[in-house]
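Okay, so here's the structure we're looking at.
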Amino acid sequence: MWARTIQGKTLTFHLAGIHNQNFLMRDEETGSFWQQVSGECIAGPMTGAQLERVHSDELTVARFRVESSAGQVLLGEPDRVGSYERDWEPGIDKLPTVVDTSDSLLPPRALVAGIVVSGQARAYEASRLAADPVILDELGEVPVVLWSGGGRMLRAFERRLDGKTLLLAPADAEHLRDAEGSLWDFRGCAVKVAAAKADDATAGPSCMTPVPVLWDYWFDWRAYNPETDIYGR
Amino acid sequence: MSTRRPFVLLGLGALLIALATLITPLWVMRPFRPQGPTELAVALWVLRFGPWLLLGAGLMAAAAVVRAWPGGWWRRSGAVVMLLLTLGAGGLSRINVFEKMFEPMPAPRFAAASESGLPDEAIVMAVRVGEAARAYPVEVMAYHHVLNDVVGDQPIVVTY
Chain A
1 MWARTIQGKT LTFHLAGIHN QNFLMRDEET GSFWQQVSGE CIAGPMTGAQ LERVHSDELT
61 VARFRVESSA GQVLLGEPDR VGSYERDWEP GIDKLPTVVD TSDSLLPPRA LVAGIVVSGQ
121 ARAYEASRLA ADPVILDELG EVPVVLWSGG GRMLRAFERR LDGKTLLLAP ADAEHLRDAE
181 GSLWDFRGCA VKVAAAKADD ATAGPSCMTP VPVLWDYWFD WRAYNPETDI YGR
Chain B
234 MSTRRPFVLL GLGALLIALA TLITPLWVMR PFRPQGPTEL AVALWVLRFG PWLLLGAGLM
294 AAAAVVRAWP GGWWRRSGAV VMLLLTLGAG GLSRINVFEK MFEPMPAPRF AAASESGLPD
354 EAIVMAVRVG EAARAYPVEV MAYHHVLNDV VGDQPIVVTY
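Residue numbers (our numbering), protein chains in the order written: chain A, 1 to 233; chain B, 234 to 393.
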């Protein structure tokens with residue numbers, strides 16, 4: 001998801017092409033072409049410009065309702081309902097790929113969650129996240145936590161606050177606990193603050209900084225992040 | 234014979250330009266094949282400057298008709314056919330095939346989170362801007378792929 005206001009202009013995007021199995025978009029206002037996956041302008045008057053990412057999460061509807069009770073959900077077009085498929089991925093898995101990944105450890109259609117922190121890209125296999133729903137990791141000296149809520153629902157955070165690294169471990173189905181005993185919810189916010197910290201009257205509601213997660217096929221993730229490594233490999 | 238060659242060449246040239254404008258982007262950007270940087274650049278150039286190429290082709294085809302006119306009915310109809318084919322190829326090239334396949338949603342409609350009609354486990358892409366929160370079901374976005382929206386006061390483009 002991208003902010004579509006850039007250099008003082010608000011752009012309106014259309015699908016306009018395919019580049020190595022990702023879509024290209026064209027904006028009405030300048031006629032420039034943009035990579036959907038990276039937000040980068042690759043042709044036209046705005047070549048080189050970079051759209052600013054808007055943070056988004058893949059959540060279940062149930063989770064979205066809990067976190068945003070006043071939130072709104074996009075409705076499908078009534079005459080297109082027959083075209084929407086809830087389980088379209090099994091079909092996609094069988095489609096051919098065009099990028100050679102034979103020199104790497106994963107098959108091209110392996111599903112990975114990718115993050116980029118301080119310039120370093122890392123892929124986490126879906127199977128690994130399913131087996132290990134809370135992963136503490138470090139990318140370029142930034143401590144992160146990946147927290148799987150089951151299936152596609154995954155959030156990543158920089159697990160540090162006021163310069164202190166948080167050592168998080170599962171507490172119950174809904175919370176992580178840090179070394180001092182504070183509980184953190186799935187939004188990445190402290191909900192029950194340990195006694196030692198509660199004395200500090202200046203402490204407001206504290207939340208970790210979210211890290212964008214991209215669910216992708218390995219071949220595609222690697223095509224756009226050639227320097228990526230794979231967690232645990 | 235002196236007028237024959239130029240009108241045929243002009244007409245065929247116009248038709249070739251219009252066909253190239255139509256076919257190049259579709260050929261280069263067809264699915265399930267890699268796009269090299271040069272061929273992609275050529276295809277995007279053709280898309281960007283297509284209207285000018287087609288204007289040129291149309292003028293050439295029209296000039297061919299003008300030249301062929303004194304030469305009798307056979308030449309006239311030959312030139313007119315080439316003009317019509319040129320205009321036809323040009324018209325087809327102005328169709329955005331990708332938007333024909335994955336129709337855009339110019340006027341998206343929303344429901345309250347509790348009234349979406351989706352099963353609890355359906356996956357949405359959730360975004361929050363200030364107090365405004367919106368969710369885009371993956372099953373809808375995987376079909377339309379691109380949606381221009383405004384959340385709170387922030388214009389965004391949702392992509393999948």
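For glycine and all other residues, C-beta sits at the position ideal for the given N, C-alpha and C.
Go ahead and pull the three-state DSSP assignment for residue i.
{"i": "residue 336(B)", "result": "coil"}
{"i": "residue 209(A)", "result": "strand"}
{"i": "residue 60(A)", "result": "strand"}
{"i": "residue 372(B)", "result": "helix"}
{"i": "residue 281(B)", "result": "helix"}
{"i": "residue 227(A)", "result": "coil"}
{"i": "residue 148(A)", "result": "strand"}
{"i": "residue 328(B)", "result": "coil"}
{"i": "residue 318(B)", "result": "helix"}
{"i": "residue 138(A)", "result": "strand"}
{"i": "residue 103(A)", "result": "coil"}
{"i": "residue 201(A)", "result": "With a pLDDT of only 48 at residue 201(A), under 50, the local geometry of the prediction cannot be trusted, and the value read off the model is given with reservation. Looking at residue 201(A) - three-state DSSP - the assignment turns out to be coil, as it is neither helix nor strand."}
{"i": "residue 358(B)", "result": "strand"}
Identify which residue in the options has its Cα closest to the Cα of residue i.
{"i": "residue 359(B)", "options": "47(A), 58(A), 80(A)", "result": "58(A)"}
{"i": "residue 76(A)", "options": "388(B), 375(B), 239(B)", "result": "375(B)"}
{"i": "residue 258(B)", "options": "265(B), 286(B), 276(B)", "result": "276(B)"}
{"i": "residue 223(A)", "options": "9(A), 103(A), 44(A)", "result": "103(A)"}
{"i": "residue 55(A)", "options": "120(A), 160(A), 156(A)", "result": "156(A)"}
{"i": "residue 69(A)", "options": "349(B), 326(B), 391(B)", "result": "349(B)"}
{"i": "residue 311(B)", "options": "324(B), 323(B), 296(B)", "result": "296(B)"}
{"i": "residue 81(A)", "options": "381(B), 377(B), 388(B), 240(B)", "result": "377(B)"}
{"i": "residue 371(B)", "options": "354(B), 387(B), 382(B), 319(B)", "result": "354(B)"}
{"i": "residue 147(A)", "options": "116(A), 184(A), 67(A), 179(A)", "result": "184(A)"}
{"i": "residue 290(B)", "options": "339(B), 323(B), 270(B)", "result": "323(B)"}
{"i": "residue 393(B)", "options": "335(B), 255(B), 342(B)", "result": "335(B)"}
{"i": "residue 342(B)", "options": "352(B), 313(B), 381(B)", "result": "381(B)"}
{"i": "residue 273(B)", "options": "33(A), 133(A), 135(A)", "result": "33(A)"}
Quick one: is residue i buried, meaning 16 or more other Cβ sit within 10 Å of its Cβ, or exposed?
{"i": "residue 2(A)", "result": "buried"}
{"i": "residue 17(A)", "result": "buried"}
{"i": "residue 114(A)", "result": "buried"}
{"i": "residue 282(B)", "result": "exposed"}
Based on the DSSP output, what are the partners of residue i in its beta bridges?
{"i": "residue 24(A)", "result": "17(A), 35(A)"}
{"i": "residue 172(A)", "result": "175(A)"}
{"i": "residue 114(A)", "result": "123(A), 214(A)"}
{"i": "residue 184(A)", "result": "176(A), 190(A)"}
{"i": "residue 389(B)", "result": "3(A), 382(B)"}
Exercise for the section: Residues of the segment 15-32 of chain A with a CB closer than 8 Å to any CB of chain B: list them in chain order, please. Expected result: 15, 16, 17, 18, 19, 20, 21, 23, 24, 25, 26, 31
Handout entry: Near-chain A residues of the segment 341-363 of chain B (beta-carbon distance less than 9 Å), N- to C-terminal order
Key = 341, 342, 343, 344, 345, 346, 347, 348, 349, 350, 351, 352, 353, 354, 355, 356, 357, 358, 359, 360, 361, 362
Handout entry: Residues in the segment 259-284 of chain B having any Cβ partner in chain A nearer than 8 Å
Key = 262, 263, 264, 265, 266, 267, 268, 273, 274, 276, 277, 278, 280, 281
Practice task
Closer than 7 Å, Cβ to Cβ, to anything on chain B: give me those residues from the segment 72-85 of chain A, in chain order.
Solution key: 72, 73, 74, 75, 76, 77, 80, 83, 84, 85
Exercise for the section: Closer than 7 Å, Cβ to Cβ, to anything on chain B: give me those residues from the segment 30-54 of chain A, in chain order. Expected result: 31, 33, 36, 43, 44, 54
Handout entry: Contact residues within the segment 173-185 of chain A, judged by C-beta distance below 9 Å to chain B
Key = none
Problem - Under 7 Å (Cβ pairs) to chain A, residues found in the segment 313-327 of chain B - result: none
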